[in-house]
Amino acid sequence: MIASLAEALDRMTRVGGVWGALLVAADDGLVIAEAVMEGIKPAAVAALAASLARQSGIASEATGAGTPRFLHLQGAAGTLAVMSAGDGLLLIAVGSDEMNVGLARLEMLRAIEVVE
Amino acid sequence: MMIDELTSLVDEYLRSPRSLAFIDLAERLRREGRLEAAVRVALTGLEHHPTLSAAYDMYARILMDIGDLDRAETIWRELLEREKRHVGALTGIGGLYARKGDYDSALDHLERALSVDPADPAVVQALMRVRRAAEDAEGDATSAPASEQTLFRGLDGAGRGMLLADRHGQMLGGRLETPAGDEVSEPAAAHVASVAREATRTADILGLGPWLWLTIEAAAANLHLSAPDGRSLLLVVRDRSMPAGRLARLAERAAETARGWLGEQVL
C-alpha cells in the first residue's frame, strides 16, 4: 500500500502546475506521505491546509451545507486543493495559479482509492 | 497586471526602504485588505519619516479600515492642528462623522476639504456619497435595511443564498438559509470571516499570493467565498446541482453587484 500511495502521490505531481501532493492527518495536520518539489515545505502546507479545512468545515456546517468534501483555494500566484480522504485524512495538492485543478482532482480521487 | 504592480511596489520599497516608497506600498496593501502588512509597512516608514503628514494620513486610513476609529481620529486631529487645511485629514474626519450619522459635521469637513482642493476626486466622491446618505437619512430612516434586503435582487437565489459581510464578520447584506429554510445569515457571516482570515494566512505563508476565492464542495451544497473589495466578503451558496463553473460565474456577478452597492455607501 505504501508503494501504491507513493505512486499515487507521484501521479498527482505530474499534473500540470502541481508542485506537491500530500496525505495528512486532518486533526493535527501532520504529514503521512508526501511528494513535493524542492522548495515546498510539506509540514507548512499540511498544517495550513488542515487548519483551513477545519475552519471551512465549521463554516460549511453553519450554513447547513454539511461536511466539506473538496476545497479549492485560488490565489493570484498559486492554488491549493484539499480533498477529504476518509478516516480523518486529507489529500492535498498545491501548485501554481495555472494548476489544472480538474485533472488534479481526478488524480486525487484515484489516490483516495489507494488510501481506502 | 495588479500583481505586477504590487510586485513593483514591493521591489521599489525593498530597494530603498528609507525612501517614500512605503506610502504607495502601504496604501496598496490597505486597498487589498492586507491590513496587518499595511500597518507594518506604515509603521516602519514612519520610523524613518516621523514628520511626514502624508504618511500619518495613510496610517490613519489603515486604522479606519481595521476599525480603530479612535486612533484614526486622533491622528487626523493632530494633523489638522499642524495643518488646518490638510485635505486628507479633513476628508478622513468627515468620513468618521458620517459613520456616526453626524452628517452636518461630516459635510462641514468635506466642504472644507473641497474648498482646499476642488479637483480632488476622492473628496468630490465622498461629498456626494455623504450628501446622498444625509438625504436618505432625512427621507427614510429604514432605507438601509431595505438596501440590504434588495442588495442582490435579480440574481438567482438572491433571497436565500447570498451573503455580504465585512472582514470582521458583521452582516452587510443578503440572506442565507439552510436547505431546510432556516435563516443562518449572522452566524454564517461570522464563520466566513474566520475562513477568510485562515485563507489569507495560508495564501501568505505558502506564497500563493492574495487569495481570490475559495470554493467548498460539501455534502449538501457548494459554497463560493470571495472578497469583492478589500473590506468585504461574499458568500454564495447553491445546491450541488449547480456546476462549480456556473457557481463561480454567479459569484462574480454578485461580486460586481456588491462592489456597486459598497461604492454607494458612506466612505
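Those protein sequence lines, which keep their order, are chains W and U. Convert by adding 270 to the 1-based position in the first sequence; the result is the number in the numbering used here. Convert by adding 964 to the 1-based position in the second sequence; the result is the number in the numbering used here. From the three backbone atoms N, C-alpha and C, an ideal C-beta is built for every residue, glycine too.
Minimum Cβ-Cβ distance from residue i to chain W less than 8 Å
i, result
"residue 969(U)", "no"
"residue 939(U)", "There is simply no residue 939(U) to check, as chain U begins at 965 and stops at 1231 in what is shown."
"residue 1200(U)", "no"
"residue 1162(U)", "yes"
"residue 1184(U)", "yes"
"residue 1148(U)", "yes"
"residue 1155(U)", "yes"
"residue 978(U)", "no"
"residue 1169(U)", "yes"
"residue 1000(U)", "no"
"residue 1138(U)", "no"
"residue 1225(U)", "no"
"residue 1211(U)", "no"
"residue 1207(U)", "no"
"residue 1220(U)", "no"
"residue 993(U)", "no"
"residue 1216(U)", "no"
"residue 1192(U)", "no"
"residue 1097(U)", "no"
Beta-carbon gap between residue i and residue j smaller than 8 Å
i, j, result
"residue 275(W)", "residue 385(W)", "yes"
"residue 987(U)", "residue 1018(U)", "yes"
"residue 1033(U)", "residue 1060(U)", "yes"
"residue 1170(U)", "residue 299(W)", "no"
"residue 1028(U)", "residue 1009(U)", "no"
"residue 1307(U)", "residue 1187(U)", "Only positions 965 to 1231 of chain U appear in this structure, which leaves residue 1307(U) out of reach."
"residue 362(W)", "residue 352(W)", "yes"
"residue 292(W)", "residue 381(W)", "no"
"residue 973(U)", "residue 341(W)", "no"
"residue 350(W)", "residue 364(W)", "yes"
"residue 976(U)", "residue 990(U)", "no"
"residue 1094(U)", "residue 1058(U)", "yes"
"residue 1195(U)", "residue 1130(U)", "yes"
"residue 1148(U)", "residue 1136(U)", "no"
Rounded separation between residue i and residue j - CA only
i, j, result
"residue 322(W)", "residue 294(W)", "13 Å"
"residue 289(W)", "residue 1167(U)", "15 Å"
"residue 969(U)", "residue 346(W)", "13 Å"
"residue 1106(U)", "residue 1097(U)", "In this predicted model, residue 1106(U) has a pLDDT of only 42, less than 50, meaning its place in the structure is not dependable; the value taken from the coordinates is given anyway. The straight-line gap from Cα to Cα measures roughly 12 Å."
"residue 1100(U)", "residue 1124(U)", "27 Å"
"residue 1150(U)", "residue 1000(U)", "25 Å"
"residue 332(W)", "residue 1073(U)", "43 Å"
"residue 982(U)", "residue 296(W)", "44 Å"
"residue 1053(U)", "residue 1085(U)", "15 Å"
"residue 995(U)", "residue 1174(U)", "12 Å"
"residue 336(W)", "residue 1182(U)", "6 Å"
"residue 1071(U)", "residue 1050(U)", "16 Å"
"residue 1201(U)", "residue 1012(U)", "47 Å"
"residue 1209(U)", "residue 305(W)", "29 Å"
"residue 1189(U)", "residue 378(W)", "23 Å"
"residue 302(W)", "residue 1119(U)", "44 Å"
"residue 961(U)", "residue 1046(U)", "Residue numbering for chain U in the displayed model covers 965 to 1231; residue 961(U) lies beyond these limits and cannot be assessed."
"residue 1153(U)", "residue 1180(U)", "15 Å"
"residue 1083(U)", "residue 1091(U)", "12 Å"
"residue 281(W)", "residue 373(W)", "10 Å"
"residue 1068(U)", "residue 1007(U)", "33 Å"
Cβ-based burial, residue i [other Cβ within 10 Å; buried from 16]
i, result
"residue 1062(U)", "buried"
"residue 1192(U)", "buried"
"residue 978(U)", "exposed"
"residue 1115(U)", "buried"
"residue 307(W)", "exposed"
"residue 1021(U)", "buried"
"residue 998(U)", "buried"
"residue 1134(U)", "exposed"
"residue 1079(U)", "exposed"
"residue 326(W)", "buried"
"residue 1138(U)", "buried"
"residue 368(W)", "exposed"
"residue 1132(U)", "exposed"
"residue 316(W)", "buried"
"residue 992(U)", "buried"
"residue 354(W)", "buried"
"residue 1145(U)", "exposed"
Interface flag, residue i vs chain U, CB-CB below 8 Å
i, result
"residue 315(W)", "yes"
"residue 302(W)", "no"
"residue 380(W)", "no"
"residue 279(W)", "no"
"residue 332(W)", "yes"
"residue 336(W)", "yes"
Any non-hydrogen atom of the ligand HEM within 7 Å of residue i CB
i, result
"residue 291(W)", "This structure simply doesn't include the ligand HEM, nor any ligand for that matter."
Self-check item: Positions along the segment 361-377 of chain W whose CB lies within less than 8 Å of some CB in chain U
Solution: 364, 367
Exercise. Closer than 8 Å, Cβ to Cβ, to anything on chain U: give me those residues from the segment 305-330 of chain W, in chain order.
Key: 314, 315, 318, 319, 321, 322, 325, 326, 328, 329, 330
Practice problem: Name, going along the chain, the residues of the segment 282-294 of chain W whose beta-carbon falls closer than 7 Å to a beta-carbon of chain U. | Solution: none
Practice problem: Quick one: which residues of the segment 339-354 of chain W get their C-beta closer than 8 Å to a C-beta of chain U? List them in chain order. | Solution: 339, 340, 341, 342, 343, 344, 345, 346, 347, 348, 349, 350
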